[in-house]
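Student: Would you mind keeping the following structure in view while I ask a few things?
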Amino acid sequence: METTLQIFRTSYAFRNREFPIGKGKALQFIYGSKQSKTKGGLNAGTATTNVYRSSTFKAEMKAMQSQCCSPDEVIFGPDFHQSLYCHLLCGLIFREEIQLVFSTFAHSLVHAFRTFELVWEELCDDIREGVLSSRITVPSIRAAMSKILKPNPELADLIHKKCSGLSNWYGLIPELFPNAKYLSGIMTGSMEHYLKKLRHYAGDLPLMSADYGSSEGWIGANVNPSLPPELATFAVLPNIGYFEFIPQRLGNLESQVLCIEPKPVGLTEVKVGEEYEIIVTNVAGLYRYRLGDVVKVMGFHNSTPELKFICRRNLLLTINIDKNTEKDLQLSVDEAAQLLAEEKQEVVDFTSHVDLSTDPGHYVIFWEVSGEVNDEVLKECCNCLDRSFVDAGYVSARKVNAIGPLELRVVLKGTFQQILDHYLGLGAALSQFKTPRCVGPTNKTVLQILCNNIGKSYFSTAYG
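Residue 305 in UniProt numbering sits at position 305 of the sequence shown, with consecutive numbering throughout.
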């Protein structure tokens, strides 16, 4: 808890210097997960759930003018669909007081406002009548919301007018929350895919990448909050853990052939422009733990390095000599998505799979698309995906047919919502959910959801 508060205090100081906020509230799309009992009788749950329940944390957020506008009953509700609806409703009720909009991940922010597009008229009805929708069935949530929700036809009419006047929901967030200064959440790595849609909702509001941490612990604070998320850097806080860095100078092939593992260097020994994998030792009990994150040193803040997240070190897609990472997949999808943008459509979400049931094996990319797209465009998207994997091993293997043509499978609307529901049913918290960017053969349920919802399928002809 203390390291969390230290990170938050540090980043708040830099953030508030660039984007000062006054007394008010924060619209935070945060969700507690189910807690369970260990055999020893201790409560067990996600780290964020324990943080959100902490009275110390709540007091600190209030001191930073970042107090959540939703009651605890909404945050810790057993049904995230109902909690999300009430988060939106609370935000509208306190719209003039909202200073910032936050969720742990950019994905959750996009999901929240996609949901708003579907339920905004119902939310207006609730505000107009002062009666909560029948979709909210959890007694504790209904009781808590009844203390907040009062009839306000003027507010309902205002929100209805603003929503009706928007063009394709562009600039929705500043229209709803006129005093909001910025949006915040983790927006690096696999979250970069959602930035285009988030900017659409945000209009002129700045997007600010939240601090750099992981399930294993915190690493650094965003001390340059005015930078766009794609350029975000994080200053390592040296007193929250002991950090070492494995240089990533050797190419993958050289590393494998020579079996060389570079010697880790210390915090003060890293060099600007070099890439490293982080090793952390911290008070949580981790000793020289490899996070699997590859970062690039962009400079120094005083004497501590500023890091830019590059990618996860582990490989996502590989069949033989090909090696494509999460970043490679993201770049490939971004390149192909530009063809969709010309048709005024977008990739809602995506994942990948290596299909070894064919000979030779091939990559499968699953896309959920926002609307109808003709076959010719999707065929070209498929070819573009295939061409955009530029790893030398992949290209050479494709040219000699050692890897088969890439397959693009377009899934039905709502497929990725089913995947989200699956993980939530297992006890995951929405605030910590990240769409898996590669679905392996052991993840049978998710693979089945994807395969059961295929609308169209295309094979690349990029290599003949």
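Beta carbons are placed, not taken as given, at the ideal position from N, Cα and C, and that holds for glycine.
With S457 as the anchor, note down where its beta strand (DSSP E) starts and where it stops.
Tutor: Position 457 of the sequence shown, counting from 1, holds the residue named residue 457. That run of the beta strand (DSSP E) goes I454 to F459.
Student: In angstroms with no decimal places, state the Cα-to-Cα distance between I186 and A336.
Tutor: By one-based count along the sequence shown, residue 186 stands at place 186. By one-based count along the sequence shown, residue 336 stands at place 336. About 24 Å.
Student: Could you work out which residue in T435, Q418 and Q432 is closest to Q448 when comparing CA atoms only?
Tutor: Locating residue 448 in the sequence shown gives position 448, counting from the first residue. When each option's Cα is compared against that of Q448, the closest is Q418.
Student: Please report the straight-line C-alpha distance between T104 and F29, rounded to a whole angstrom.
Tutor: Residue 104 sits at position 104 when you count from the first residue of the sequence shown. Residue 29 sits at position 29 when you count from the first residue of the sequence shown. Approximately 8 Å between the Cα atoms of the pair.
Student: Closest to T4 by C-alpha separation, out of P441, A428, C163 and T56, would be which residue?
Tutor: Translated into positions along the sequence shown, residue 4 becomes position 4. Ranking the options by Cα distance to T4, first place goes to T56.
Student: Roughly how many whole angstroms lie between the Cα atoms of M191 and C382?
Tutor: Residue mapping note: residue 191 aligns to position 191 of the sequence shown, counting from 1. Residue mapping note: residue 382 aligns to position 382 of the sequence shown, counting from 1. Whole-angstrom Cα-Cα distance: 22 Å.
Student: May I have the straight-line CA-CA distance separating A13 from Y170, to the nearest angstrom?
Tutor: Counting from 1 along the sequence shown, the entry for residue 13 is found at position 13. Counting from 1 along the sequence shown, the entry for residue 170 is found at position 170. Looking at the two C-alpha atoms, the distance is approximately 31 Å.
Student: Measuring only the C-alpha atoms, how far is G414 from H111?
Tutor: Numbered from its first residue, the sequence shown carries residue 414 at position 414. Numbered from its first residue, the sequence shown carries residue 111 at position 111. G414 and H111: Cα-Cα distance of roughly 12 Å.
Student: In angstroms, rounded to a whole number, what distance separates the CA positions of T281 and Y289?
Tutor: Here residue 281 refers to the residue found at position 281 when the sequence shown is read from its first residue. Here residue 289 refers to the residue found at position 289 when the sequence shown is read from its first residue. T281 and Y289 have their C-alpha atoms roughly 6 Å apart.
Student: Where does Q248 fall in DSSP's three states?
Tutor: Working through the sequence shown from its first residue, we reach residue 248 at position 248. Correct three-state label for Q248: coil.
Student: If I'm right that S70 touches H81 with Cβ under 8 Å, what's the distance once you round it to whole angstroms?
Tutor: Residue 70 sits at position 70 when you count from the first residue of the sequence shown. Residue 81 sits at position 81 when you count from the first residue of the sequence shown. Wrong, their Cβ atoms sit about 15 Å apart, outside the cutoff.
Student: With D296 and E277 assumed to form a contact (beta carbons below 8 Å), what rounded beta-carbon distance in angstroms separates them?
Tutor: On the sequence shown, residue 296 is found 296 positions in, with the first residue counted as 1. On the sequence shown, residue 277 is found 277 positions in, with the first residue counted as 1. Contrary to the premise, residue 296 reads as Lys rather than Asp in this sequence. About 11 Å; that fails the 8 Å criterion.
Student: How big is the Cα-Cα spacing for F102 and A429?
Tutor: Working through the sequence shown from its first residue, we reach residue 102 at position 102. Working through the sequence shown from its first residue, we reach residue 429 at position 429. Cα to Cα, the separation comes out at about 16 Å.
Student: If I measure Cβ to Cβ from residue 522 and keep anything under 8 Å in the same chain, skipping five residues before and after, which residues do I get?
Tutor: Residue 522 is absent from the structure shown; the chain starts at 1 and stops at 464.
Student: Could you please give the first and the last residue of the uninterrupted alpha helix (DSSP H) stretch that includes I279?
Tutor: For the purposes of this step, residue 279 is identified with residue 279 of the sequence shown, where counting begins at 1. Where I279 is concerned, there is no enclosing alpha helix (DSSP H), although the beta strand (DSSP E) it sits in stretches over E275 to T281.
Student: Would you mind giving the Cβ-Cβ distance between P151 and T188, rounded to the nearest angstrom? I have them listed as a contact below 8 Å.
Tutor: Residue mapping note: residue 151 aligns to position 151 of the sequence shown, counting from 1. Residue mapping note: residue 188 aligns to position 188 of the sequence shown, counting from 1. Not confirmed; about 43 Å, so no contact.
Student: Excluding the five sequence neighbours on either side, which residues of its own chain have a C-beta within less than 7 Å of the C-beta of H362, listed in chain order?
Tutor: Locating residue 362 in the sequence shown gives position 362, counting from the first residue. Cβ within range, chain order: D355, I403, G404, P405, L406 and E407.
Student: Leaving aside the five residues before and after L258 along the sequence, list all residues of the same chain whose C-beta is less than 7 Å from its C-beta, in chain order.
Tutor: Counting from 1 along the sequence shown, the entry for residue 258 is found at position 258. With a pLDDT of 49 at L258, under the threshold of 50, the modelled position of that residue is not reliable, and the figure given next carries that caveat. Answer for L258: no residue qualifies.
Student: Consult DSSP for N383 and reduce its assignment to one of helix, strand or coil.
Tutor: The count along the sequence shown starts at 1 and reaches residue 383 at position 383. If DSSP states are grouped into helix, strand and coil, N383 belongs with the helices.
Student: State buried or exposed for L253, treating a residue as buried only when at least 16 other CB atoms are found within 10 Å of its CB.
Tutor: Mapped onto the sequence shown, residue 253 falls at position 253. Summary for L253: the model assigns pLDDT 42, below 50, so the residue's position carries little reliability; its value from the coordinates is reported in the next sentence. So L253 counts as exposed.
Student: According to DSSP, is V9 helix, strand or coil?
Tutor: As a working mapping, residue 9 is identified with position 9 in the sequence shown. Val is not the amino acid found at residue 9; the sequence shown has Arg there. In the structure shown, R9 adopts helical secondary structure according to DSSP, grouped into three states.
Student: How many angstroms separate the CA atom of F76 from the CA atom of S396?
Tutor: Locating residue 76 in the sequence shown gives position 76, counting from the first residue. Locating residue 396 in the sequence shown gives position 396, counting from the first residue. If I take the Cα positions, the gap works out to 51 Å.
Student: With a threshold of 8 Å on Cβ separation, who are the neighbours of N443 within its own chain once the five nearest residues in sequence on each side are excluded?
Tutor: Translated into the one-based positions of the sequence shown, residue 443 becomes position 443. Excluding sequence neighbours, N443 sits near P436.
Student: Could you pull out every residue in the same chain whose Cβ sits closer than 6 Å to the Cβ of E60, ignoring the five residues on either side in sequence?
Tutor: Reading the sequence shown from its first residue, position 60 is the one you call residue 60. Same-chain partners within the cutoff: L5.
Student: Using C-beta distances below 8 Å, list every residue in its chain close to S108, excluding the 5 sequence neighbours before and after it, in chain order.
Tutor: Counting from one through the sequence shown, the residue named residue 108 turns up at place 108. The answer, listed in chain order, is F29, G185, L430, S431 and F433.
Student: Under the DSSP definition of a beta bridge, which residues are partnered with P305?
Tutor: Position 305 of the sequence shown holds residue 305. Bridge partners of P305: F300.
Student: Just curious, the alpha helix (DSSP H) that H353 is in, first and last residue?
Tutor: Against the sequence shown, residue 353 aligns to sequence position 353. In this chain, H353 is not harboured by any alpha helix (DSSP H); it is covered by the beta strand (DSSP E) spanning V347 to D355.
Student: Check for me: the alpha helix (DSSP H) holding G22 runs from which residue to which?
Tutor: Position 22 of the sequence shown, counting from 1, holds the residue named residue 22. Unbroken run through G22: none, as it is neither H nor E.
Student: Examine the Cβ distances between the segment 210-230 and the segment 304-316 and report whether three or more of them are shorter than 8 Å.
Tutor: Short answer: they touch.
Student: Given a cut-off of 9 Å, decide if L205 and P174 are closer than it, judged by their beta-carbon atoms.
Tutor: Residue 174 sits at position 174 when you count from the first residue of the sequence shown. Residue 205 sits at position 205 when you count from the first residue of the sequence shown. The answer is yes: Cβ separation under 9 Å.
Student: State the Cα-Cα distance for the pair T462 and N401, rounded to the nearest angstrom.
Tutor: What you label residue 462 is simply residue 462 of the sequence shown in a count that begins at 1. What you label residue 401 is simply residue 401 of the sequence shown in a count that begins at 1. It should be noted that the sequence gives Ala, not Thr, for residue 462. If you take the alpha carbons of A462 and N401, they lie about 12 Å apart.
Student: Indicate the three-state DSSP secondary structure (helix, strand or coil) for V138 in the structure shown.
Tutor: The residue given as residue 138 occupies position 138 in the sequence shown. It is coil, neither helix nor strand.
Student: Helix, strand or coil for I449? Go by DSSP, reduced to three states.
Tutor: The residue you call residue 449 lines up with position 449 of the sequence shown. I449: helix per DSSP, three-state reduction.
Student: Entirely within the segment 211-250 and at least 3 residues each: give me those beta strand (DSSP E) ranges in chain order.
Tutor: For the segment 211-250, whole beta strand (DSSP E) runs of length 3 or above, ordered along the chain, are 212-214, 217-221, 234-236 and 242-247.
Student: Please go through the same chain and pick out, in chain order, the residues whose beta-carbon is closer than 6 Å to the beta-carbon of C90, but skip the five residues on each side of it.
Tutor: Indexing the sequence shown from 1 puts residue 90 at position 90. The answer, listed in chain order, is C69 and S70.
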